[in-house]
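To start, the structure under review is shown below, and the notes come after it.
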Amino acid sequence: MNLSRRSTAAAALAGAAAFALIASGCSSSTETPEAGGDITLTVATFNDFGYTDEMFAQYEAENPGVTIVHNRAATSNDARDNFFTKLGAGSGLADVEAVEVDWFAEMMQYSDRLADLSDPELADRWVQWKTDAATDADGRLVAYGTDIGPEAVCYRSDLFAAAGLPTDRDEVASLLEGDWDRYFEVGQEYVDASGAAWFDSAGATYQGMINQVEFAYEEADGTVIATENPEVEAIYTDVLNASSTLSAHLGQWSDDWFAGLANGAFATMLCPGWMLGVISGNAPDVTGWDVANVFPGGGGNWGGSYLTVPAQGANIEAATKLAAWLTAPEQQMSAFAAAGTFPSQVEAYESAELQAATNEYFNNAPVGQILIDRSNAIGVAPFKSVKYFPINDALQRALTRVDVDGTDTIESSWELFVADVNAL
Amino acid sequence: MTTTDTGRSAPRTEAGQSAPATQSAPDTGLSAPIKKKERSVRRIAVSQTLSRWDVKVSPYLYISPFFILFAITGLFPLLYTAWVSVHEWNLIGGQGDFVGFDNFAFVLSNPPFWIALRNTFSIFLISAVPQIALALFIAAVLDRNIRAKTFWRMGVLLPYVVAPVAVTLIFSNMFGDQYGLVNNLLGQIGIDPIGWHSDVLASHFAIATMVNFRWTGYTALILLAAMQAIPRDYYEAAMIDGAGIVRQFFSITIPQLRPTLIFVIVTSTIGGLQIFDEPRLYDQTGQGGASSQWMTITIYLYNLGWGQLNFGRAAAVAWLLFLIIIIVGLLNVAITRSIAKAS
Chain A
451 MNLSRRSTAA
461 AALAGAAAFA
471 LIASGCSSST
481 ETPEAGGDIT
491 LTVATFNDFG
501 YTDEMFAQYE
511 AENPGVTIVH
521 NRAATSNDAR
531 DNFFTKLGAG
541 SGLADVEAVE
551 VDWFAEMMQY
561 SDRLADLSDP
571 ELADRWVQWK
581 TDAATDADGR
591 LVAYGTDIGP
601 EAVCYRSDLF
611 AAAGLPTDRD
621 EVASLLEGDW
631 DRYFEVGQEY
641 VDASGAAWFD
651 SAGATYQGMI
661 NQVEFAYEEA
671 DGTVIATENP
681 EVEAIYTDVL
691 NASSTLSAHL
701 GQWSDDWFAG
711 LANGAFATML
721 CPGWMLGVIS
731 GNAPDVTGWD
741 VANVFPGGGG
751 NWGGSYLTVP
761 AQGANIEAAT
771 KLAAWLTAPE
781 QQMSAFAAAG
791 TFPSQVEAYE
801 SAELQAATNE
811 YFNNAPVGQI
821 LIDRSNAIGV
831 APFKSVKYFP
841 INDALQRALT
851 RVDVDGTDTI
861 ESSWELFVAD
871 VNAL
Chain B
333 MTTTDTGRSA
343 PRTEAGQSAP
353 ATQSAPDTGL
363 SAPIKKKERS
373 VRRIAVSQTL
383 SRWDVKVSPY
393 LYISPFFILF
403 AITGLFPLLY
413 TAWVSVHEWN
423 LIGGQGDFVG
433 FDNFAFVLSN
443 PPFWIALRNT
453 FSIFLISAVP
463 QIALALFIAA
473 VLDRNIRAKT
483 FWRMGVLLPY
493 VVAPVAVTLI
503 FSNMFGDQYG
513 LVNNLLGQIG
523 IDPIGWHSDV
533 LASHFAIATM
543 VNFRWTGYTA
553 LILLAAMQAI
563 PRDYYEAAMI
573 DGAGIVRQFF
583 SITIPQLRPT
593 LIFVIVTSTI
603 GGLQIFDEPR
613 LYDQTGQGGA
623 SSQWMTITIY
633 LYNLGWGQLN
643 FGRAAAVAWL
653 LFLIIIIVGL
663 LNVAITRSIA
673 KAS
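Chain order of the listed sequences is A and B.
According to our numbering, the first sequence holds residues 451 to 874 in order.
According to our numbering, the second sequence holds residues 333 to 675 in order.
Here it is in structure tokens:
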């Protein structure tokens, strides 16, 4: 669960930012006194969707009579708790609610409680697998895609140089080209040469690997196969075997992990688009971070979100219009500029702006083009059904027990995982 | 004039000479007092019953808002939780089949519940015991004649004002396993880093530290208030008898504080067994650790309810927690009674 979270900064920062946003939301609503017929639309997101106050102000200017209040939860987990509680209660949700891809399947069970957003004009806006996932059994489109998380590899060029590895991002890409064994092999070279760790945690690396498996925890009919699936156990064992020498043993999103980003505790990490902002935000003084156009085992998608319009809302039509506007390519491009959330909109990939986008922090890496390439390399969309979220959560804990806490062996931790899954 | 006269004299002259000034006037004058009398008798009776009711009923009426409020916000949820706990219940789907005590059976046969119970009691004990001891000490010092009393008294309350989220953020940062301040300092004096997030007891200790940081001052102020109510004569007499400060503390202050101590112990028991904020915010996932090192009963409840959306089981845990608190509360009462008898 940890790993799916698009955490942007330490919780303190996120909390402060959320607070500031709520405060600014309040002030904007007082500035625009409500007259008859005017409506207030609430938008609930989490972490950082890249939706700026300027964007909302622009929409308000273009649509007189609409006031937008933006509430931002600190984490995807908080948003999930809030979403399901109020969906069950039948009231209290925002007019536009953001939903994360990992608990998307849980939500799809109750797709009848969401408004049908199908619109022939928007049919081709998103990459196909993004739209497919948001279409329910009755053919209703219940969510508009915002971003996706095509993965690349981020690395510390200064640490690479010290260990005698190439530092140029193209050379690094060809060095790491191949499957996961190749990634671990190069890692071993690095560890032998430097004595430091290769990647941040087994959990994060596992997430990259499992996202390449179509049916990992559940079959298409929802049958749970997590504990019997040899593929899952093989990835679990592989990553833990590798991590005994290669991992920095930092639990992802922990305080130690954030500190490790800045003090060079590890040389590489798997990098979905939104991770770039996490790195630059938490290690502002490090100059060595770079990003290579490569991903072990082909492409992979990690995370990404949707906007939904709950059917319980009072202004469904206006809310749908706003959600469509927010997920339009132009707005998604400004969100990418603000927070690095990579668009799921086909049209955006053709925009010269995205293709030319570079990131100063990552030594001016052409992040736009790299992420477009990584997005095109995504071959498999993992099937995530109802129990995906809790099972993945249990597996992450199993990895943490061995990799970070060191309280269990690979075998004993797996047994606990099996017990956890059986108790669901 | 006449009417007032008759009015005044009527009661007095009623039996004897009634002035026959006019036929009708005395009649009314006569009949009026009688009627008045009857009425006033009735009135007295009514007001008597009213006042009897007043004495009997009013106090209940005056305290009833609390109980009405309690019935709505306390008793009803309690009973409704019991209803939920014997059903299959999904957060969104709502009520399912009646399953009897299956939810309880599931929870009681599930190892995480027992781990959570162990953690809860462990964190409770290593937070409550030092906290009350420390609070007693602080209160005793504040009770002495020191300069700038109010400053110090407000000072000990300050941590209580800080939001628990902020406290937890700072402390969990301090207790980082690899880059935390505490392990850094320990390293300076040559002690191996402690696994604040991997070791069970260490994590409990870290969480207890946060709890104590927040609550010690609060408890100290309650004890201080009670200490101030102890008559100073006792101390003077003790001083004349040659008792030192320590002897005074144990022979006068502690016995005099007994009722307040009982109050503090009972409230901290309830609070301690329901502990949630600190362990939930101790790491990023809020699930109580990868091997449930610091998962308390309330976190287990939360994970069942909001994590797995299974309200039936969560309600069963809630009721088990309720029963545990009652048992521990009764135990507390029994122990304090025996202490009271012994003295």
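Note that beta-carbon positions come from the ideal geometry of N, C-alpha and C, so glycine has one too.
Just so you know, these numbers come straight off a predicted model, no measurement behind them.
| Item | Value |
| --- | --- |
| Range of the contiguous beta strand (DSSP E) that encloses A:Tyr605 | 593–606 |
| Within chain B, partners of A:Trp703 - CB distance below 9 Å | Asp615, Gln616, Thr617 |
| Proximity of A:Leu567 and A:Thr758 at Cβ, strictly below 9 Å | yes |
| Interfacial residues, the stretch 431–456 of chain B to chain A, with Cβ spacing under 7 Å | Asn442 |
| Per-residue burial, B:Val596 [other beta carbons within 10 Å of its own, 16 or more giving buried] | buried |
| Within 9 Å, strictly: CB atoms of A:Trp724 and A:Gly753 | yes |
| Partner residues on chain A for B:Gln520, Cβ-Cβ distance less than 9 Å | Going along chain A, no residue has its Cβ under 9 Å from B:Gln520, so there is no contact; the nearest lies around 18 Å. |
| Burial state of B:Leu332, where buried means 16 or more other Cβ atoms lie within 10 Å | Residue 332 of chain B lies beyond the stretch modelled for chain B, which goes from 333 to 675, so this question has no answer here. |
| A:Phe534 at chain B interface by Cβ criterion, 9 Å | yes |
| Reduced DSSP category for A:Asn809 - H, G, I as helix; E, B as strand; rest coil | strand |
| Length at least 4, wholly inside the stretch 594–674 of chain A: the alpha helix (DSSP H) runs in chain order | 607–612, 619–626, 630–644, 652–660 |
| 8 Å contact criterion, which B:Ala648 and B:Asn442 should meet: CB distance rounded | Actually they do not touch by this definition, with Cβ atoms about 10 Å apart. |
| Best match in A:Ala778, A:Phe867, A:Phe833, A:Ala494 for proximity to A:Ala666 [C-alpha to C-alpha] | A:Phe833 |
| Entirely enclosed alpha helix (DSSP H) segments - the stretch 498–583 of chain A, minimum 4 residues | 503–512, 526–539, 554–558, 578–583 |
| Of the residues A:Ser794, A:Ala539, A:Trp864, A:Asn497, the one placed nearest A:Leu563, counting alpha carbons only | Contrary to the premise, residue 563 of chain A reads as Arg rather than Leu in this sequence. It is A:Ala539 whose Cα lies nearest to the Cα of A:Arg563. |
| Cutoff 9 Å: A:Glu556 Cβ touching any chain B Cβ | yes |
| Exposure label - B:Leu474; buried when at least 16 CB within 10 Å | buried |
| Amino acids of chain A, ordered along the chain, whose beta-carbon sits closer than 7 Å to that of B:Leu641 | Phe534 |
| DSSP-derived helix/strand/coil call for A:Glu678 | coil |
| Where the alpha helix (DSSP H) containing A:Pro816 begins and where it ends | First-last for A:Pro816: undefined, no H or E at that position. |
| Where the stretch 417–428 of chain B meets chain A: residues whose CB sits under 9 Å from a CB there | Asn422, Leu423, Ile424, Gly425, Gly426 |
| Nearest candidate by alpha-carbon position, reference A:Ala774, set A:Ile841, A:Ala593, A:Arg847 | A:Ala593 |
| Spatial distance of A:Leu471 from B:Pro409 (CA atoms) | Unreliable positioning characterises A:Leu471 in this predicted model, as indicated by a pLDDT of 41, which lies under 50. The coordinate reading is nonetheless provided below. Approximately 34 Å, taken between the alpha carbons. |
| Rounded C-alpha distance that separates A:Phe812 from A:Ser526 | 26 Å |
| Where the beta strand (DSSP E) through A:Val741 begins and ends | 739–742 |
| Beta-carbon neighbours of B:Gly644, restricted to chain A and to distances below 8 Å | The contacting residues do not exist; B:Gly644 stays about 14 Å from chain A at best. |
| heavy atom of the ligand SAH below 8 Å from A:Asn765 C-beta | With respect to the ligand SAH, the structure shown offers nothing to examine, as it has no ligands at all. |
| Where B:Asn294 meets chain A, residues with beta-carbon distance less than 7 Å | The question about residue 294 of chain B has no answer, for chain B in this structure spans 333 to 675. |
| When A:Val674, A:Val546, A:Asp618 are compared against A:Val871, the one with the closest alpha-carbon | A:Val674 |
| Exposure label - B:Thr630; buried when at least 16 CB within 10 Å | buried |
| Ranges of the alpha helix (DSSP H) found wholly within the stretch 370–442 of chain B, counting only runs of at least 4 | 408–417, 434–440 |
| Which of helix, strand or coil DSSP assigns to A:Gln702 | coil |
| Buried or exposed by the 16-neighbour rule on C-beta atoms within 10 Å, applied to B:Trp385 | exposed |
| The beta strand (DSSP E) enclosing A:Asn765, as first and last residue numbers | Where A:Asn765 is concerned, there is no enclosing beta strand (DSSP E), given that its DSSP letter is neither H nor E. |
| Beta carbon of A:Leu696 nearer than 9 Å to that of A:Phe634 | yes |
| Neighbourhood of A:Ala778 by C-beta distance below 7 Å, restricted to the same chain and skipping five residues each side | none |
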